[in-house]
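K.L.:
Let me begin by handing over the structure; questions about it come next.
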Amino acid sequence: MSEKRHSRVAAPMAAEDGLLLLQSQALAEEEEAKTKGEMLTRFLKDKLAKEERSSTLNLHKLRTQWRTVLREVKDKELRQDIEILSQTFARVMDCKDSVIESLATDLEEAEEQHAQALRSHLYNIDRLLQLQHCRLTCLEEGYGAQLEALKMELEAERRTILEQHEQESCYLRDVALATEQNYAKNNHEATLNFQSARDDIKYKSQQEKQYSRLQLGGKVEVLWEQFQRAMQSYTEATEHQKIAFEALKQKDKKSSREIEMQAKKLQKLQDLVTAAKGQIAAHLRESEKQNRRAREEKESVLRQLQELKNEMKQARATAHGSLARLTTQSSTALKALARVVEKVRPAAHGQGKHQRGAAVPSHPALTCTPPSQAQRILRLAEMCRRLETEEEKVLPFYPSSLAEGDQREAQQVLEETPTEPLAQAMQDYVGLERFWQRFNKVKLEEQALERERAALSQRNQHLRELLRQYLAGISVSREVLSEPNAVLTIERKNCIPADLRRAEGGHAQGHQGTKHPDSLSEGDAHPDPIHGSTGTS
6 MSEKRHSRVA APMAAEDGLL LLQSQALAEE EEAKTKGEML TRFLKDKLAK EERSSTLNLH
66 KLRTQWRTVL REVKDKELRQ DIEILSQTFA RVMDCKDSVI ESLATDLEEA EEQHAQALRS
126 HLYNIDRLLQ LQHCRLTCLE EGYGAQLEAL KMELEAERRT ILEQHEQESC YLRDVALATE
186 QNYAKNNHEA TLNFQSARDD IKYKSQQEKQ YSRLQLGGKV EVLWEQFQRA MQSYTEATEH
246 QKIAFEALKQ KDKKSSREIE MQAKKLQKLQ DLVTAAKGQI AAHLRESEKQ NRRAREEKES
306 VLRQLQELKN EMKQARATAH GSLARLTTQS STALKALARV VEKVRPAAHG QGKHQRGAAV
366 PSHPALTCTP PSQAQRILRL AEMCRRLETE EEKVLPFYPS SLAEGDQREA QQVLEETPTE
426 PLAQAMQDYV GLERFWQRFN KVKLEEQALE RERAALSQRN QHLRELLRQY LAGISVSREV
486 LSEPNAVLTI ERKNCIPADL RRAEGGHAQG HQGTKHPDSL SEGDAHPDPI HGSTGTS
């Protein structure tokens, strides 16, 4: 029995021991799995930090190389812009210098004209002053004579007036003495009459006063008794009215105080109203002054407008006269051109008969032009005149580049009388020198603009090529990866430092059995175009 009991007790204990062993094994496996997970996460974090460091380093190197390339390109562009700007500035400065010289000559001529006008004006003023002095002397003499005559007349009138005044004063003194005597006499008689009438009226009034006092004595006693009775009845009847009167009296005092306050306020308001009225009056005066000034300004402006209209009429009249002169000159010029065209036709026939070995000048003005071509030249000149700029209107012809000695020699050659028939025919076209000069200037500017357009197109093409290379460098596609790209092919040893490579090698030896979860497969492994490294395992 004891053995059975012992076996029954030992069986549950063995089961408990087995459960404890299983739990300890499960805990050990969990700890091992946890340590493996922690090691794996640590490894992944280290690898991610290495990749981030390598990517930042590669991006920094790419940016530095790209900046150097952009600096070189920008330096070339800026140098070209500076050369173009310097050329344009020199050309503009030449034009400005020529304009300044022409304006300086105009200013000198204007100053000479002003000095001449000032001298003539001063001479006229001196003559006017002399005439004014002569006129003033004549007027002073006439004034002195008239003054003497007036003095004599005034003295005569003064003596007559004084005599008449003495006579009238004597008459007035006599009249005043007589009126005083009459007034004293009348005054004495009036005082006597007044005293007698006053004594009579005073006696009659005393008698009437005594009689009325006797009559009114009894009436007053009766009326006093009636008054006492009426007053007693009145006091009894008006007791409550008296109380109401007292209340109304107090109310009246309050209202009187309020009335006084309102009166003060009203006085203040009246003062404000008077001040406002004064301000309004001042404003009205100012507005009247302003209106007066405005009317005066309006009148002055109208006068100026009338003067300007008169000046405009005069200018129109002068312009009409100049237009008439221009039409007459243009008609004469057209007739002269028609004569030149008629002369050109036999010259053209003579040129056909000229010998083959004779030298023909290359200048366009020396060639014989048919009438249609001459008319075409004139039409082109009129069309070009409409398209001229302000600078070309001021300076239509560029200055000669020859020296003074060369210019004198050329002038002497031109002044010599021609002997050959071709040279004689050339004399008819000397007037077209200015035209061909402007024509050659326009041709030169056209050639310069064409060259500048070609340079700008070449520069635009170069910039498009650089932009295409830049876009190909920053974008990743199969076409870009298939072509050789100097920006994307970066060696690994230049992008990753030595200490990072050693750390990466140590981790690879310690964890050969693990793989990065985001790494590429062997079939899809290719170099990273941004960081320049392959997929890490």
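According to our numbering, the stretch in the sequence shown is residues 6 to 542, in order. Ideal Cβ placement from N, Cα and C applies to all residues, glycine included.
My output table needs one value for A408: the three-state DSSP class, helix, strand or coil.
P.N.:
Of the three classes helix, strand and coil, the one that applies to A408 here is coil, per DSSP.
K.L.:
Whole angstroms are fine: how far does the CA of R72 sit from the CA of R456?
P.N.:
Cα to Cα, R456 sits roughly 31 angstroms from R72.
K.L.:
How would you write the range of the alpha helix (DSSP H) that V447 sits in, first residue to last?
P.N.:
Looking at the DSSP string, the run of the alpha helix (DSSP H) that includes V447 is 438-479.
K.L.:
For S91, is the classification buried or exposed, using 16 other Cβ atoms within 10 angstroms of its Cβ as the cut-off for buried?
P.N.:
S91 comes out exposed.
K.L.:
Should P423 and Q432 be called a contact, given that it needs their Cβ atoms to be closer than 9 angstroms?
P.N.:
Result yes, Cβ atoms of P423 and Q432 sit closer than 9 angstroms.
K.L.:
Can you say whether E293 is buried or exposed, counting buried as having 16 or more other CB atoms within 10 angstroms of its CB?
P.N.:
E293 should be labelled exposed.
K.L.:
According to the neighbour-count rule (16 or more other Cβ atoms, all chains shown, within 10 Å of its Cβ), is E56 buried or exposed?
P.N.:
Buried, since its Cβ has 16 or more Cβ neighbours within 10 Å.
K.L.:
Would you decide whether Y239 is buried or exposed? Buried here means 16 or more other CB atoms lie within 10 Å of its CB.
P.N.:
Looking at its Cβ environment, which holds fewer than 16 other Cβ atoms inside 10 Å, Y239 is exposed.
K.L.:
Would you say M44 faces chain C, with C-beta separation under 9 angstroms as the test?
P.N.:
Checking the listed chains, one finds no chain C in this structure; it contains a single protein chain.
K.L.:
With a cut-off of 8 angstroms on the beta carbons, I'd call A415 and L407 a contact; round off their distance for me.
P.N.:
The Cβ separation is near 7 angstroms, so the contact holds.
K.L.:
When the Cα atoms are used, what is the spatial distance from D291 to A280?
P.N.:
For the record, residue 291 in the displayed sequence is Glu; it is not Asp. Taking the straight line from one Cα to the other gives about 16 angstroms.
K.L.:
Go to Q429, then tell me how far its alpha helix (DSSP H) extends in each direction, as first and last residue.
P.N.:
That run of the alpha helix (DSSP H) goes 426-431.
K.L.:
Work out the CA separation of A286 and L271 for me, nearest whole Å.
P.N.:
One C-alpha to the other measures close to 22 angstroms.
K.L.:
Compute the Euclidean distance between the alpha carbons of K224 and H245, then round it to the nearest angstrom.
P.N.:
Near 33 angstroms, if we compare the C-alpha coordinates of H245 and K224.
K.L.:
Does E421 come out as helix, strand or coil in the three-state DSSP assignment?
P.N.:
Looking at E421 - three-state DSSP - the assignment turns out to be coil, as it is neither helix nor strand.
K.L.:
Cα separation between S462 and Q85?
P.N.:
Going by the C-alpha atoms only, they are around 14 angstroms apart.
K.L.:
Compute the Euclidean distance between the alpha carbons of R218 and L228, then round it to the nearest angstrom.
P.N.:
So the two alpha carbons sit approximately 15 angstroms from each other.
K.L.:
Roughly how many whole angstroms lie between the Cα atoms of K318 and Q311?
P.N.:
Rounded to the nearest angstrom, the two C-alpha atoms are 10 angstroms apart.
K.L.:
Should R464 and E82 be called a contact, given that it needs their Cβ atoms to be closer than 9 angstroms?
P.N.:
For R464 and E82, yes; Cβs fall inside 9 angstroms.
K.L.:
Less than 8 angstroms between the CB atoms is what I'm expecting for V346 and A379, so what's the real figure, rounded?
P.N.:
Their Cβ separation, rounded to whole angstroms, is 6 angstroms, which keeps V346 and A379 in contact under 8 angstroms.
K.L.:
With C100 and E451 assumed to form a contact (beta carbons below 8 angstroms), what rounded beta-carbon distance in angstroms separates them?
P.N.:
Wrong, their Cβ atoms sit about 18 angstroms apart, outside the cutoff.
K.L.:
Determine the burial state of N63: buried for a count of at least 16 other Cβ atoms within 10 Å of its Cβ, exposed for fewer.
P.N.:
Label assigned to N63: buried.
K.L.:
Alpha carbon to alpha carbon, how far is A183 from S560? Give it in angstroms, no decimals.
P.N.:
The requested residue 560 is not part of the displayed model; the chain covers only 6 to 542.
K.L.:
If you check the beta carbons only, do L383 and L331 fall under 9 angstroms apart?
P.N.:
No. Outside cutoff.
K.L.:
Would you decide whether G23 is buried or exposed? Buried here means 16 or more other CB atoms lie within 10 Å of its CB.
P.N.:
G23 comes out exposed.
K.L.:
Taking DSSP as the reference, what is the three-state secondary structure of L62?
P.N.:
Of the three classes helix, strand and coil, the one that applies to L62 here is helix, per DSSP.
K.L.:
Where does T46 sit, in a helix, a strand or coil, going by DSSP?
P.N.:
Reduced to three states, the DSSP call for T46 is helix.
K.L.:
Within 10 Å of its beta-carbon, does A329 have 16 or more other beta-carbons around it, so buried, or fewer, so exposed?
P.N.:
That one is exposed.
K.L.:
For a test of the three-state rule: what should DSSP assign to T394, helix, strand or coil?
P.N.:
If DSSP states are grouped into helix, strand and coil, T394 belongs with coil.
K.L.:
Can you have a look at A120 and say buried or exposed, based on whether 16 or more other CB atoms are within 10 angstroms of its CB?
P.N.:
Under this definition A120 is an exposed residue.
K.L.:
Identify, in the order they occur along the chain, each residue of the same chain with its Cβ nearer than 8 angstroms to the Cβ of A95, setting aside the five sequence neighbours on each side.
P.N.:
Once the five neighbours on either side are set aside, A95 has no close Cβ partner at all.
K.L.:
What residues in its chain sit with their C-beta under 6 angstroms from that of A115, if we drop five residues either side in the sequence?
P.N.:
None.
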